[in-house]
Structures are given as C-alpha cells and as structure tokens.
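Q:
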Ligand SMILES: *[C@@H]1O[C@H](CO)[C@@H](O)[C@H](O)[C@H]1NC(C)=O
Ligand SMILES: *[C@@H]1O[C@H](CO)[C@@H](O)[C@H](O)[C@H]1NC(C)=O
Ligand SMILES: *[C@@H]1O[C@H](CO)[C@@H](O)[C@H](O)[C@H]1NC(C)=O
Ligand SMILES: *[C@@H]1O[C@H](CO)[C@@H](O)[C@H](O)[C@H]1NC(C)=O
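In the working numbering, the protein residues as written are 137 to 510.
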C-alpha cells in the first residue's frame, strides 16, 4: 500500500512548534540495546531525469539518514522525534488530534560521535521506507533499536515522494500528489536505482571522505512496504548485499515473478501482516509464489492481529489515541517487541553468524507470530 492522498495539506499547514508541549511530551519507546543512538543526515546528489514523481521528472538529490551506536549519554531537554511537518501530515491524514505526534520526543542524538569501533566498522543495514510514506523517521523505533545493538542503519528518503523531507541544508521538500500513471512497479524501479547509486557510489564515498565507520561488505537490506519489496530486489541485484528482509510489502520486479527469476540466491525473510497472505487465493500471491523459487535460506512469518501500518511506528502512534492510526488490533508495544526481536535475529544470523531460536519455529514468547514451513 502507498498513499496517493492530497499532499497540499503540507503546503497550507501552518506548523507551530509549541515549546511548552515539548516539556510535557511523551517519549517514544526507547531502544533496548547496550548502546545509545546517534543520527546524522546526508544529502546524496543524484541527477535523475526520469523520476516518476518529481515535478518535470527531474530530481537532483535524495536524503540518507544514518542511525548508529554511540557511547554518548543523552542529556538536556528531550528532542522532538519527528519533523513538525511530518507530524502535522500524519495527524491530519490518520485522525490524530493536532499536536499528538508533534509533541513526541526521542533519545536519538543528532550528530553524536560514533561508537569507537577499533578498526572493525559497524555492520550496515540499508532501509527503505513505505511508498509515499511513512518516511524513514516514521520507522525510528525499529531503526534506533538496531543501532542500539551495534548496527549502522541507513534509511533513504526520496523527495517529492515522501510527505515531507528536510535536507541538512535546511531546505524542506513537501510531497506532491503522486501522479495517476505512477505504478507500484515504477516506484520500485525508482527505489532500486536510489539503492544501487547509494551502495555503489555514495556509501563507499561517505566512508572514505567522512570516515564513517560503516561496513561496505557486511551489509543487509530491509524495508517497509514498497521499501521491503525493493530491499529484496536490491539483495538480488547487488553483490554488496548479503541478505534481505521485507516488512509487509507486496513483491515487485524480479522477486514477484512466478519462475526461477524470483530466486534471490541469498538469505531472505518475509515478515508481514495477518491478512496479507493467509489465503492462497485472494491474498497476496507474490508471497505464495516467491518462497517456491528460493534456493538459499528463507523464512516467512505472519503476525496475527496486525495490519499494514503495524509495520512502521504507527503501531506505537495508535496507542496514543482511540480511533486514530488505522492499524490492527495487536497491542502496539507487543508488536514493537516482535519487530525488534525478529528483524535483529535475522541480521544477527545472516551478517554475524549468530543463531536465534525464534527464527526456527513457533515461539512461546511470541504466540502472535505464525511460522510457515517454506
Ligand atoms: C539544499 O539541498 C537540496 C538538495 O540538494 C537542494 O535541492 C536545495 O536547493 C538546497 N537549498 C539551498 C538553499 O541551497
Ligand atoms: C506459478 O507457478 C506454478 C509452478 O510453475 C504453477 O503451478 C502455478 O499455477 C503458477 N501460478 C500462477 C498464479 O501463475
Ligand atoms: C492466527 O490467525 C490464523 C488465521 O486467522 C489462525 O488460523 C491462527 O489460529 C491464529 N494463530 C494464533 C496463534 O492466534
Ligand atoms: C477519528 O477520531 C474520532 C475521535 O477519536 C472518532 O470519533 C472517529 O470515529 C475517528 N474516525 C475514524 C474514521 O476512525
């Protein structure tokens, strides 16, 4: 699913950051790992003259947001968690009282020093957000969790496609109405291009020029919705990526084919919502056909009580107000535990060689997670 809703709301919304509301703010669930978490943003210059969404089909840059482990302890007033424009957009679109999301805070520290790695760079995870939203910042809970356990997680936001993107130079870009001729496949192609350009050119450049301690060889890809579909496409096409995980995205491109061209030939994991594919008929056929063609390690699990939006931070947002958020019946805090545990377990296994029992069958600790023999 991706959003074709009017985006004019951003341009017209008068956003007032209410400082007194920050003082009484609610914090998002904090990461549970041994490290604190830093965040930095980088403009990735990439001239694209066939952008399906940007005005006149030209875009010149996208945004990379890096979450990473740091030893620095958060201090001072808590920081707002979302860009105010993003918060206002989802308050309006998903039926929250104005200010509910804008007043949330997080312990993620902009610009904090990287944790000392003693020459062994952090394993890197590439993350793709939902098509047309939520943007990378709307998956902060999961991304910060992974960073608190030692991963560097790089999320890529495409301007004009996401409801709002702010570049490090201060320029904010509001989303546009996604044109009617933009298909999920064209959005997937756009994501595959951004992922490839980032992995082949810009990640090695950031490591070289800015001395970022990110591994360019121990690397996994994951994402939400279209971002999850593209993660598997990128795992298939990029020799740099060792494994891929899809959070509730209908497959697109090669992995969606019902033949051997769907084979990623690397470890893959489909983790999705209950309604997504329980029915062999009427469900999402790509999640039925894809596992048939895989020749390497694979896992497929569905989480009872979830809907699509439980696979981003909305699973927490929905707990803030009755009737808002449009996500499923599962307790949002339980779903956060599930996503944190299973996503980390998969990358711990496929990048670090650490086994975890929760990947190998139904778990008494997480009864909502339905394990499929594939
Ligand atoms: C900031 O960066 C973006 C992305 O490269 C660019 O489109 C915009 O023009 C820049 N703004 C200024 C004021 O330089
Ligand atoms: C997918 O391929 C399998 C095996 O070739 C075949 O049995 C099945 O009917 C195909 N399904 C669809 C929907 O094309
Ligand atoms: C999960 O949902 C499926 C389909 O509704 C059902 O068959 C199954 O019993 C449920 N599993 C658990 C553990 O609730
Ligand atoms: C939106 O929220 C209000 C107040 O919580 C509620 O009365 C209403 O039913 C909600 N609308 C939808 C479509 O969920």
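Where a beta carbon is used, it is the ideal one built from N, C-alpha and C, also for glycine. Computed from a predicted structure; not experimentally measured.
1) On the CB-based measure, 16 or more other CB atoms within 10 Å of its CB, does residue 430 come out buried or exposed?
2) May I ask which residues mark the beginning and end of the alpha helix (DSSP H) holding residue 372?
3) Count the other CB atoms within 10 Å of the CB of residue 347; is the residue buried (16 or more) or exposed (fewer)?
4) Residue 300 to residue 179, Cα distance in whole Å?
5) Between the Cα of residue 410 and the Cα atoms of 423, 294, 401 and 399, which residue gives the shortest distance?
6) For residue 198 versus residue 186, is the C-beta spacing smaller than 8 Å?
7) Could you tell me the distance, in whole angstroms, from the CA atom of residue 360 to the CA atom of residue 264?
8) Under the three-state reduction of DSSP, which class applies to residue 351: helix, strand or coil?
9) What are the start and end residues of the beta strand (DSSP E) that includes residue 175?
10) Using 7 Å as the cut-off, classify the Cβ of residue 179 as near or not near the heavy atoms of ligand 1, replying yes or no.
11) From residue 108 to residue 436, what does the alpha carbon distance come to, in whole angstroms?
12) Using DSSP with H/G/I as helix, E/B as strand and the rest coil, what is residue 488?
13) Pop quiz: residue 380 and residue 397 are said to be a contact at Cβ under 8 Å. What is the actual Cβ separation, rounded to whole angstroms?
14) Measuring straight from C-alpha to C-alpha, what distance separates residue 466 and residue 506?
15) Measuring straight from C-alpha to C-alpha, what distance separates residue 481 and residue 472?
16) Between 336, 322 and 169, which lies nearest to residue 283 when the distance is taken from Cα to Cα?
17) Alpha carbon to alpha carbon, how far is residue 233 from residue 488? Give it in angstroms, no decimals.
18) Buried or exposed: residue 258, going by 16 or more other Cβ atoms within 10 Å of its Cβ?
19) Rounded to the nearest angstrom, what separates residue 371 and residue 332 at their Cα positions?
A: The short version:
1) Result: buried.
2) In the DSSP annotation of this structure, the continuous segment of the alpha helix (DSSP H) that includes residue 372 starts and ends at 362-373.
3) Looking at its Cβ environment, which holds fewer than 16 other Cβ atoms inside 10 Å, residue 347 is exposed.
4) When rounded, the distance between both Cα atoms is 15 Å.
5) When each option's Cα is compared against that of residue 410, the closest is 423.
6) No, these two residues do not count as a Cβ contact at 8 Å.
7) Cα to Cα, the separation comes out at about 6 Å.
8) Note: residue 351 maps to strand in three-state DSSP.
9) Counting along the chain, residue 175 sits inside the beta strand (DSSP E) bounded by residues 172-184.
10) Checking the Cβ of residue 179 against ligand 1 gives yes.
11) There is no way to answer for residue 108, as the model of the chain reaches only from 137 to 510.
12) It is helical.
13) Contact doesn't hold; Cβ gap of about 16 Å is too wide.
14) Going by the C-alpha atoms only, they are around 14 Å apart.
15) CA-to-CA, the gap between residue 481 and residue 472 works out to about 14 Å.
16) Closest by alpha carbon: 169.
17) If you take the alpha carbons of residue 488 and residue 233, they lie about 43 Å apart.
18) In this structure residue 258 is buried. Its beta-carbon is surrounded by 16 or more other beta-carbon atoms within 10 angstroms.
19) Straight-line Cα distance between these residues: approximately 10 Å.
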